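Let me begin by presenting the structure, written as structure tokens, before commenting on it.
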Amino acid sequence: MFIEIETNSAVPIYLQLAQSIIEGVAKGELKPGDSLPSVRAFAADLGMNMHTVNKAYHYLEEKEFIQIVQKKGVFIHENGVRLASPSDRDRLKKELRPIVAEALCLQLSNEDLEQLVRDLILKIKEGE
Amino acid sequence: MAAIIFIIILLFIISLQAFLPRFLKESEVFGVYVPDTHVKDVRIERLKSRYTNTVLTTGAVLILIFVGWLWVVQPSDNQIGLVGMALQLAALAIAMALYAKNHLSLMRWKKEEQWIAGQVERKVVDLQFREQLKLLPNVYFILPMLITIGLGAYGLSQYDSLPNQIPTHWGPSGEADAFAKKSYVSVSSLPLITLLLQGMMLFFNSAMKQSGAKIRVRHKKRSREQQLAFRKYSSWLLFIVTISMTVFMSYLQLTIIAPSTMSTGVTLAFTIGYLIVILGSVFYYTIKVGQSGTMIPVEVDSSNQSDDAFIDVDDDRYWKWGLFYVNKDDPSILVEKRFGIGWTVNMGHIKSWVFLAILIGSIILIVKLQS
């Protein structure tokens, strides 16, 4: 699977990396148990510092999307695709909150917001 | 004889330099990154042809001067050697000067006309690249080293029965023409040098595994296939060089240990065979693979060309004069060359400097052992 990083974006690189991997899982291109490149190899392919990749991997590990096994490698977590636990729900709520607030400021109606989410789901699944 | 060899080498250097831009990526011209939006610029094409023509013409003039001088002066072999070397350096210097001029012009156009400004730069990574990468395992490079160590130990075990003069240099006819006094150093010098070269090949092969893949945003699939092939063929080339070097050096070491097996005819055959294998495989690699695998045909899947809004990341700032890669952040030790076919080291790493120090040290060592 190819991932693409915008080097001049306001979104930090580590977040772009983590988000592309989550999208890969959501799309089904990355399946639980699939291996990811080592930190060194990933950083070399990016031509960037290993800290950046480390940060992305720790971010994903915390969210239980990947599993870092010492000396063996990095894998998509067995629970990468799972039923959301109450804590998962809480976290999502918290992360969505500022975005919903922004949408309210922009006077998006409930229907607008629903349509937006539906569009995004379609796009993520089709990989656009 | 010496004159003919020098003319052949000169022809080889000149044509290699002249046609080099043809074997490189369209996105890297004279050491400058050219975005996809500008690769079709007619001025670039003109720059390339002018480079080829100028190198060929000045090269032809150099060879004519050389031949004329041979004709008129009838120089000795020593003089031919000296002038021949000077002409080789002159040919390289001319090519380098032209490179520098073109490099600067391109940099200026790119800056003044803002080729990058306003475009979105994207870096592409293939998560499965390493899984698909098929390099030869390092053990292929370690086994020949064991052979060399074995031969070195065997030479030392036969120390008492060895002649008092150890050959250190062989002339063009296959006959030893320089000798050193017998000592533990002179008996082991050939295996030591071989071991060093084999170690370098091993280093390259393992560093290639860690080298970053450069996938182009507008040609993802094609560039991935070419990169995979480029690395695979590079690994095989290293292996061929290692094996032929091991065979050649083993033969020479055996002739040192048991001079009775020495025959100038066999030595000559080995030398010529060695040269043919090395030059032949390098030639094949250049023509068939090209820089970054650009000469390898790949069937392109045109359904996946929706990314025409983006360009590759401009990494000119990491390339000093377009020739030396200096990037402290990038963990790659070995990177693909920009102007040339093959690989270069990342000067931003201490390891690369250690490697260069060993390389230069070993060259000095070889020269010292030979004199």
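Respectively, the protein sequence lines represent chains A and B. Throughout the first sequence, residue numbering follows this note's numbering, covering 1 to 128 in sequence. Throughout the second sequence, residue numbering follows this note's numbering, covering 1001 to 1371 in sequence. The beta-carbon is built from N, C-alpha and C at its ideal position, and this holds for glycine as well. Quick caveat, the model's predicted, so the values are computed rather than measured.
Exercise. How many angstroms separate the CA atom of Lys-27 of chain A from the CA atom of Asp-34 of chain A?
Worked result: Taking the straight line joining both Cα atoms gives about 14 Å.
Exercise. Going along the stretch 1121 to 1141 of chain B in order, which residues come within less than 8 Å of chain A, judged by CB to CB distance?
Worked result: Against chain A - using a Cβ distance shorter than 8 Å - the residues of the stretch 1121 to 1141 of chain B are Glu-1121, Arg-1122, Lys-1123, Val-1124, Val-1125, Asp-1126, Leu-1127, Gln-1128, Phe-1129, Arg-1130 and Glu-1131.
Exercise. Between the stretch 1104 to 1119 of chain B and the stretch 1024 to 1039 of chain B, do at least 3 Cβ pairs fall closer than 8 Å?
Worked result: These segments touch.
Exercise. Is the number of C-beta pairs between the stretch 32 to 52 of chain A and the stretch 1338 to 1349 of chain B that are closer than 8 Å three or more?
Worked result: no
Exercise. Is it a yes or a no for the stretch 1340 to 1357 of chain B touching the stretch 1062 to 1082 of chain B, going by three-plus beta-carbon pairs under 8 Å?
Worked result: no
Exercise. Tell me which same chain residues have a C-beta within less than 7 Å of the C-beta of Lys-1328 of chain B, skipping the five on either side of it?
Worked result: Gly-1348
For this session: Work out the CA separation of Ile-1005 of chain B and Thr-1271 of chain B for me, nearest whole Å.
Result: Going from the Cα of Thr-1271 of chain B to the Cα of Ile-1005 of chain B covers about 14 Å.
Exercise. At what residues does the alpha helix (DSSP H) containing Asp-88 of chain A begin and finish?
Worked result: Counted as a single uninterrupted DSSP element, the alpha helix (DSSP H) harbouring Asp-88 of chain A occupies residues 86 to 105.
Exercise. Do you know how far the Cα of Met-1295 of chain B is from the Cα of Tyr-1159 of chain B?
Worked result: In this structure, the CA atom of Tyr-1159 of chain B is about 51 Å from the CA atom of Met-1295 of chain B.
Problem set entry | Extent of the continuous alpha helix (DSSP H) run through Gln-1119 of chain B | No alpha helix (DSSP H) contains Gln-1119 of chain B, which DSSP labels as neither H nor E.
Problem set entry | C-beta atoms of Gln-1291 of chain B and Phe-1023 of chain B nearer than 7 Å | Their beta carbons are under 7 Å apart, which means Gln-1291 of chain B touches Phe-1023 of chain B by this criterion.
For this session: Report the three-state DSSP secondary structure of Asn-1346 of chain B (helix, strand or coil).
Result: strand
Problem set entry | Pick from A:Leu-106, A:Leu-46, A:Glu-64 and A:Arg-91 that is closest to Ile-13 of chain A, judged by C-alpha positions | Comparing Cα positions, the closest option is A:Leu-46.
Exercise. Under 7 Å between C-beta atoms, does Ser-1332 of chain B make it to chain A?
Worked result: Interface with chain A (7 Å Cβ-Cβ cutoff): Ser-1332 of chain B is included.
Exercise. Would a C-beta distance cut-off of 7 Å place Leu-1237 of chain B and Ser-1281 of chain B closer than the cut-off?
Worked result: With a cutoff of 7 Å on beta-carbon distance, Leu-1237 of chain B and Ser-1281 of chain B are scored as near each other.
For this session: Measuring only between beta-carbons, confirm whether Phe-1006 of chain B sits less than 7 Å from chain A.
Result: no
Exercise. Can you find a CB in chain B that lies within less than 7 Å of the CB of Leu-104 of chain A?
Worked result: no
Exercise. Using a Cβ-Cβ cut-off of 6 Å (strictly less than) and excluding sequence neighbours within five positions of Gly-1081 of chain B, which residues of its own chain qualify?
Worked result: For Gly-1081 of chain B, there are no CB contacts under 6 Å within the same chain when 5 residues up- and downstream are skipped.
Exercise. Under the rule that 16 or more other beta-carbon atoms within 10 Å means buried, what is Glu-111 of chain A, buried or exposed?
Worked result: exposed
Exercise. Going by DSSP, which residues form a beta bridge with Lys-1320 of chain B?
Worked result: The secondary-structure analysis by DSSP pairs Lys-1320 of chain B across a beta bridge with B:Phe-1324.
Problem set entry | Under the three-state DSSP convention, the category Ile-1364 of chain B falls into | Correct three-state label for Ile-1364 of chain B: helix.
For this session: Return the CA-CA distance between Ser-1303 of chain B and Ser-1223 of chain B, expressed in angstroms with no decimal places.
Result: Reliability fails at Ser-1303 of chain B, whose pLDDT of 49 lies under 50, so the model's placement of it is uncertain and no value is given.
Problem set entry | Where Asp-1041 of chain B falls: helix, strand or coil (DSSP) | coil
Exercise. Are there 16 or more other CB atoms within 10 angstroms of the CB of Val-1289 of chain B, so buried, or fewer, so exposed?
Worked result: buried
Exercise. Can the beta-carbon of Lys-1134 of chain B be found closer than 7 Å to that of Val-1313 of chain B?
Worked result: no
For this session: Answer with yes or no whether the minimum CB distance from Gly-1361 of chain B to chain A is below 7 Å.
Result: Not flagged as an interface residue toward chain A: Gly-1361 of chain B, since no C-beta distance is shorter than 7 Å.
Problem set entry | Cβ contact (3+ pairs, closer than 8 Å) linking the stretch 1131 to 1145 of chain B and the stretch 1199 to 1216 of chain B | yes
Problem set entry | Ile-1358 of chain B versus Leu-96 of chain A - alpha carbon distance | Using only the alpha carbons, I get a separation of about 56 Å.
For this session: Would you kindly work out how many angstroms separate the C-alpha atoms of Phe-1355 of chain B and Ser-1332 of chain B, rounded to a whole number?
Result: Here the alpha carbons of Ser-1332 of chain B and Phe-1355 of chain B stand approximately 14 Å from one another.
Problem set entry | Contact residues within the stretch 1012 to 1035 of chain B, judged by C-beta distance below 8 Å to chain A | none
Exercise. Using 8 Å as the Cβ pair cut-off and three pairs as the minimum, do the stretch 1147 to 1161 of chain B and the stretch 1240 to 1252 of chain B touch?
Worked result: yes
Problem set entry | Opposing strand residues paired with Asp-1126 of chain B [DSSP bridges] | A:Phe-2
Exercise. With 16 as the cutoff for other CB atoms within 10 Å, does Leu-1020 of chain B come out buried or exposed?
Worked result: Buried: at least 16 other Cβ atoms inside 10 Å.
Problem set entry | Inter-residue CB distance, Ser-38 of chain A and Val-74 of chain A (contact presumed, cutoff 8 Å) | 7 Å
Exercise. On the premise that Thr-1255 of chain B lies in contact with Thr-1261 of chain B, defined as a C-beta separation below 8 Å, what is that separation, rounded to the nearest angstrom?
Worked result: 6 Å
Exercise. Does DSSP put Thr-1261 of chain B in a helix, a strand or coil?
Worked result: helix
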